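In the numbering used here, the protein residues as written are 131 to 490.
From the three backbone atoms N, C-alpha and C, an ideal C-beta is built for every residue, glycine too.
Note that this is a predicted model, so its numbers are computed, not measured.
Below is one structure, written out as structure tokens; comments come after it.
Structural data, given as structure tokens:
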């Protein structure tokens, strides 16, 4: 069980595109508004997901940081395009946030688990206007399960097979109907799939020599593609201390890595039709930053990267050669999401910031 894949929480809208010489250059981003959210509760907040609609409306999902999940509450906050109106709606109390995903229609899909009764869940769909639809359901968890994965129409139980290099994955509807039951026997495959479009993406790694991805059609359980990246993606050579990892967004799948020793950050786009690599970008990360993650590759060839440190969040915008031309610093640590080649939102546990690109 998890809230998204570990690498997916920073990204919501990635666009990779070719760059023409006459494309306008985004030189920097400038702040247009900020809205406080830390007055919602006396407890510290955590940001989990956010969306930015075409009309400029922003929606962010936050939870309380509490030692007791029984007391935890969950909110969604909607801010209009000018930053002048904030709407807050509580969507859960005394629950675990099991999964949350920003959707292409501007809404948010979440699954909540009752904190006192382990098998009771609630499927929650929140549209951009903060209208909420709920479906309660029950899961009888097997003793061998390792992960629950949720999509708007199905949930999946994944588990290791005893004495085997493979895993078992089973599909169910929220009305408790059993669907496909598939055994995957790829070496080093992990039972922690991530929903991506119409597929489930599984990763495979021995943490040293290779990374592999397997794409399974979520509706049928059939394999779409299976690719090994050995080692180093395009260069077929993985320098010491490197390990590429999968990053997911609503629209794109990347392989990315940040080497703390060399300070190099590399991101490569995976074609979701066949698993091949089409593009790669490299950025030298400043020495005071760590934990670099991709946000978006822009139409001018520049790359947006988010770096979290002990003190806060920094967003970097590079040119097409990977040179950093703009840096924005935000306190405390937050999440970053963007609309393709447009506004950028930084959501922290205290404030939400809207930034617009400045075009030369």
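Indicate whether residue i and residue j have their beta-carbon atoms separated by less than 7 Å.
| i | j | result |
| --- | --- | --- |
| residue 195 | residue 176 | yes |
| residue 316 | residue 281 | no |
| residue 342 | residue 354 | no |
| residue 466 | residue 435 | no |
| residue 401 | residue 421 | no |
| residue 237 | residue 209 | no |
| residue 180 | residue 190 | yes |
| residue 241 | residue 251 | yes |
| residue 329 | residue 352 | no |
| residue 325 | residue 332 | no |
| residue 183 | residue 272 | no |
Could you say which of the options lies nearest to residue i if we only look at CA atoms?
| i | options | result |
| --- | --- | --- |
| residue 395 | 383, 382, 419 | 419 |
| residue 489 | 462, 476, 429, 442 | 429 |
| residue 387 | 432, 405, 413 | 413 |
| residue 350 | 203, 269, 283 | 283 |
| residue 442 | 463, 454, 267 | 463 |
| residue 164 | 182, 190, 214, 173 | 214 |
| residue 423 | 406, 390, 451 | 390 |
| residue 162 | 275, 307, 212 | 212 |
| residue 454 | 479, 411, 440 | 411 |
| residue 403 | 327, 452, 461 | 327 |
| residue 452 | 483, 482, 480, 415 | 415 |
| residue 425 | 483, 272, 468 | 468 |
| residue 307 | 278, 274, 269 | 269 |
| residue 417 | 305, 456, 392 | 392 |
| residue 157 | 313, 253, 457, 169 | 457 |
| residue 224 | 204, 310, 314 | 204 |
| residue 217 | 440, 169, 267 | 169 |
| residue 314 | 305, 303, 290 | 290 |
| residue 249 | 309, 266, 235, 234 | 266 |
| residue 480 | 253, 174, 154, 153 | 174 |
| residue 185 | 305, 300, 219, 235 | 235 |
| residue 253 | 299, 276, 304 | 304 |
Start and end of the beta strand (DSSP E) containing residue i?
| i | result |
| --- | --- |
| residue 447 | 443 to 448 |
| residue 231 | 225 to 232 |
| residue 319 | Looking at the DSSP string, residue 319 is not in any beta strand (DSSP E), and its letter there is neither H nor E. |
| residue 177 | 175 to 182 |
| residue 330 | 329 to 335 |
| residue 345 | 341 to 347 |
| residue 486 | 481 to 489 |
| residue 469 | It is not in any beta strand (DSSP E) - residue 469 carries neither H nor E in the DSSP assignment. |
| residue 159 | 156 to 166 |
| residue 299 | 297 to 303 |
| residue 464 | That residue, residue 464, is in no beta strand (DSSP E); it is neither H nor E in DSSP. |
| residue 326 | 324 to 326 |
| residue 245 | Where residue 245 is concerned, there is no enclosing beta strand (DSSP E), given that its DSSP letter is neither H nor E. |
| residue 407 | 407 to 414 |
| residue 477 | 474 to 477 |
| residue 264 | 262 to 268 |
| residue 272 | Premise fails: residue 272 is in no beta strand (DSSP E) and is neither H nor E. |
| residue 421 | From DSSP, residue 421 is part of no beta strand (DSSP E); its letter is neither H nor E. |
| residue 354 | 353 to 359 |
| residue 440 | It is not in any beta strand (DSSP E) - residue 440 carries neither H nor E in the DSSP assignment. |
| residue 387 | 383 to 389 |
If you measure from the beta carbon of residue i to each beta carbon in chain C, is any gap under 7 Å?
| i | result |
| --- | --- |
| residue 278 | Of the protein chains in the structure, only one exists, and it is not chain C. |
Kindly give me the distance between the Cβ atoms of residue i and residue j, rounded to whole angstroms, as I take these residues to be in contact under 8 Å.
| i | j | result |
| --- | --- | --- |
| residue 445 | residue 476 | 7 Å |
| residue 485 | residue 159 | 4 Å |
| residue 432 | residue 449 | 5 Å |
| residue 398 | residue 382 | Rounded, the Cβ-Cβ distance is 11 Å, inconsistent with contact. |
| residue 340 | residue 356 | About 13 Å; that fails the 8 Å criterion. |
| residue 206 | residue 221 | 6 Å |
| residue 482 | residue 188 | 7 Å |
| residue 288 | residue 279 | 7 Å |
Got a sec: does the ligand ZN put a non-hydrogen atom nearer than 6 Å to the Cβ of residue i?
| i | result |
| --- | --- |
| residue 401 | Absence of the ligand ZN is noted for the structure shown, with no ligands found whatsoever. |
Item to complete: Decide if the region 317 to 331 is in contact with the region 285 to 303; the criterion is three or more beta carbon pairs, one per stretch, under 8 Å apart.
Response: yes
Worksheet item: Touch check for the region 262 to 270 and the region 227 to 238: three-plus C-beta pairs under 8 Å?
Response: no
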